[in-house]
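Protein chains in written order, with the numbering used here: chain X, 39 to 155; chain Y, 1178 to 1642. Here is the structure we will look at, set down as structure tokens.
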């Protein structure tokens, strides 16, 4: 199994999840409200005509656990859907192998559970 | 002081105090509307109540008060524009001789806050998607058309006044008119992004702060004790101290509306929805506005119960036909305004109509459809006039400049895109270390690139006010 993680802007969360389902049929995600910044180092705001900087921007971290076979499709769908057209801040996406993925309710491994369905 | 001076003094105190109560209803609208919409628009929606009351107050001083209450013909006032010091301080003198027991200034104050309320209603249905400049342009336009209709019904020269139309404090003039413009705006703007799914089914977009909406409703209820009882415009219209009775019918109707709204929602929707209870109370206040001086307490309860039903079924109906009305202005102010205006034709006590020298008794007492017909005539003509002028003006503005914000502005929120700030900054600008700490900010005046070399942000320095 593989863990696919993505940092995306919050407005795109549902778009990305839908895109993953459409492209690969994968259902199931964990969303963590996150803050952070990339090379742009945050953003400049103005308040009453004064400029101030905010290092962190609101983001969301999405977490998918998927079979090895569809990882590249999932990542492709995320990258495509997370792209906002803005100059920066669209986040990153990556995958890593994970072991012993267990299904809490049944106590079986996730692979078993999914093949049963 | 003579007895007449005492009458003028006490009437002026009463009218100015109630004008201030009604002005405070802007705070009620601010909290109600902000509470029932999303947090990304909270600053904009609360703040616009100050903006539109500002616009309305100026326009009403320049032309509105003259159009509405200046001497003139049956359709429009033609005197009293930009009223002078003499005209505003005189009591019962032309061009404002209608205000026989208060100075012209008290008349202006009391009437301008009503215009402000009517204008506040307009934006409820247009919330979360209209451009800011529309508030300026349509605010001026609506204040003028509002003034013309209030001349028809409230000025002694007005043609509907002469027919004996009963609208004690403005179910038609204030609420129905505001709702008509709101409906026009909602139709032209179209629904908010995501309000209706691809299959046409309505998605709920929950308000972000129900306690705000509750506070707003209570402030409006409070303000209504100025709205209706103050419309006596003196301490002895309808009898000395009659305004106390008007306050009683107002309160009793609102109470019935609140309880009915919650119960109807409980039965119809399966849950005792809090926002529907608020709509029930407000709808009842809207309906009793026309009838408050004319009906018996039992009728006030009936009117309130009717509004409780209208609030729930009206909101559902408006949504069903594909209109996105975030606050429920069309149902609460429009449908209940119609109900309250017609209720006069049903329940007006002949004695009270005689005391107030307006119209005649309702169907229930007299068996005559006369008063009901007059009320209906008023609703049809005002409906046609206000809807057409509002729809026309907004339609032209929309065709030429576009009155709806771009999709990315709507998605990101009006607070940041229109005003460059947020109602709740910390939600959108996360500051784990807090503002002005060493760990916050990274490109200040003495910007350094060495890792965490950050400087306190300029916003932390004391600011001249």
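Every residue, glycine too, gets a C-beta built ideally from N, C-alpha and C. Bear in mind the structure is a predicted one, so any value in this text is a computation, not a measurement.
Report the residue from 1504/Y, 1516/Y and 1259/Y whose alpha carbon sits nearest the alpha carbon of residue 1303/Y. Cα-wise, what sits closest to residue 1303/Y is 1504/Y.
Do residue 1280/Y and residue 1257/Y count as a contact pair if the criterion is CB distance below 9 Å? Contact: no.
Status (buried if at least 16 other CB within 10 Å, exposed otherwise) for residue 1557/Y: Around the beta carbon of residue 1557/Y, fewer than 16 other beta carbons lie within 10 angstroms, which makes this residue exposed.
Would you mind giving the Cβ-Cβ distance between residue 1456/Y and residue 1488/Y, rounded to the nearest angstrom? I have them listed as a contact below 8 Å. The C-beta separation of residue 1456/Y from residue 1488/Y comes to about 4 Å, placing the pair in contact by the 8 Å criterion.
I need the straight-line Cα distance from residue 1546/Y to residue 1287/Y, nearest angstrom please. Near 33 Å, if we compare the C-alpha coordinates of residue 1287/Y and residue 1546/Y.
Considering residue 1565/Y, what are the terminal residues of the alpha helix (DSSP H) in which it resides? The continuous alpha helix (DSSP H) containing residue 1565/Y extends over residues 1547 to 1577.
What does the alpha-carbon distance come out to for the pair residue 1189/Y and residue 1195/Y? Computed Cα separation, rounded: 10 Å.
Cβ atoms of residue 1345/Y and residue 1513/Y: under 9 Å apart, would you say? For the pair residue 1513/Y and residue 1345/Y, the CB atoms are not nearer than the 9 Å cut-off.
Considering just the uninterrupted stretch of the beta strand (DSSP E) at residue 1167/Y, what are its terminal residues? This structure cannot speak to residue 1167/Y, because chain Y is shown only from 1178 to 1642.
With a threshold of 6 Å on Cβ separation, who are the neighbours of residue 45/X within its own chain once the five nearest residues in sequence on each side are excluded? Answer for residue 45/X: 97, 99, 129 and 130, listed in chain order.
Could you list which residues in chain Y have their beta carbon closer than 9 Å to that of residue 121/X, in chain order? Within 9 Å Cβ-Cβ: nothing; residue 121/X doesn't reach chain Y, min ~14 Å.
Starting from the beta carbon of residue 1597/Y, find every residue of chain C whose beta carbon is closer than 9 Å, and list them in chain order. Going by chain labels, chain C is absent from the structure shown, which instead holds the protein chains X and Y.
Name, going along the chain, the residues of the segment 45 to 66 of chain X whose beta-carbon falls closer than 8 Å to a beta-carbon of chain Y. From the segment 45 to 66 of chain X, only 49 have a Cβ closer than 8 Å to chain Y.
Straight-line Cα distance separating residue 1373/Y from residue 1538/Y: Near 45 Å, if we compare the C-alpha coordinates of residue 1373/Y and residue 1538/Y.
Residue 1213/Y - DSSP class collapsed to helix/strand/coil: Residue 1213/Y falls in the coil class under three-state DSSP.
Contact list for residue 96/X against chain Y, beta-carbon separation under 7 Å: Here the neighbours are 1605 and 1607.
Taking buried to mean at least 16 other C-beta atoms within 10 Å of its own C-beta, is residue 1218/Y buried or exposed? Looking at its Cβ environment, which holds 16 or more other Cβ atoms inside 10 Å, residue 1218/Y is buried.
Near residue 1359/Y, which residues of its chain fall below 8 Å by C-beta distance, leaving aside the five closest residues on each side in sequence? 1298, 1299, 1300, 1301, 1302, 1303, 1502, 1506, 1507, 1510 and 1511, listed in sequence order.
Taking DSSP's pairing of strands, which residues face residue 73/X in a bridge? Per DSSP, 96/X.
Measuring CB to CB, does residue 1465/Y end up less than 9 Å from residue 1517/Y? Their beta carbons are under 9 Å apart, which means residue 1465/Y touches residue 1517/Y by this criterion.
Does any C-beta atom of chain Y lie closer than 9 Å to the C-beta of residue 73/X? Taking CB atoms only, residue 73/X has a neighbour in chain Y less than 9 Å away.
Assess, as a yes-or-no matter, whether the segment 1521 to 1530 of chain Y is touched by the segment 1311 to 1318 of chain Y under the definition of 3 or more beta carbon pairs within less than 8 Å. Output reads no: the segment 1521 to 1530 of chain Y does not touch the segment 1311 to 1318 of chain Y.
Going by beta-carbon coordinates alone, are residue 151/X and residue 115/X separated by less than 9 Å? Taking 9 Å as the Cβ cut-off, residue 151/X and residue 115/X do not qualify as a contacting pair.
Supposed contact pair residue 1308/Y and residue 1251/Y - C-beta distance, whole angstroms, cut 8 Å: With 8 Å as the limit, residue 1251/Y and residue 1308/Y do not qualify as a contact, their Cβ atoms being about 37 Å apart.
Under 9 Å, Cβ to Cβ, is there at least one residue of chain X near residue 1627/Y? Low per-residue confidence applies at residue 1627/Y: pLDDT is 39, beneath 50, and the placement is therefore not dependable, though the value from the model is reported in the following sentence. No, no contact with chain X.
Is DSSP giving residue 1454/Y helix, strand or coil here? Three-state DSSP puts residue 1454/Y in a helix.
Starting from residue 44/X, trace the beta strand (DSSP E) both ways and give me its first and last residue. Element bounds for residue 44/X: 40 to 47.
Identify, in the order they occur along the chain, each residue of the same chain with its Cβ nearer than 8 Å to the Cβ of residue 1598/Y, setting aside the five sequence neighbours on each side. The answer, listed in chain order, is 1220 and 1592.
Assumed close pair residue 1467/Y, residue 1343/Y - CB separation to whole angstroms, cut-off 8 Å: Yes, residue 1467/Y and residue 1343/Y are in contact; Cβ-Cβ is about 6 Å, under 8 Å.
Can we say the segment 1413 to 1429 of chain Y touches the segment 1198 to 1214 of chain Y, given the rule of at least three CB pairs closer than 8 Å? Contact between the segment 1413 to 1429 of chain Y and the segment 1198 to 1214 of chain Y is absent: fewer than three C-beta pairs spanning the two stretches fall below 8 Å.
Under three-state DSSP, which class holds residue 66/X? Looking at residue 66/X - three-state DSSP - the assignment turns out to be coil, as it is neither helix nor strand.
Within chain X, partners of residue 1588/Y - CB distance below 8 Å: Ordered by position in chain X, the residues that pass the 8 Å Cβ test against residue 1588/Y are 49.
Hey, could you find the ends of the beta strand (DSSP E) residue 82/X is sitting in? Per DSSP, residue 82/X belongs to the beta strand (DSSP E) from 81 to 85.
Within the chosen definition, does the segment 1395 to 1411 of chain Y reach the segment 1419 to 1438 of chain Y through at least 3 CB pairs nearer than 8 Å? Cβ pair count under 8 Å is three or more, so yes.
How is residue 140/X classed by DSSP in three states: helix, strand or coil? Three-state DSSP puts residue 140/X in a strand.
How about the segment 101 to 119 of chain X and the segment 75 to 82 of chain X: do they share at least three Cβ pairs that are nearer than 8 Å? They do not touch, by the three-pair rule.
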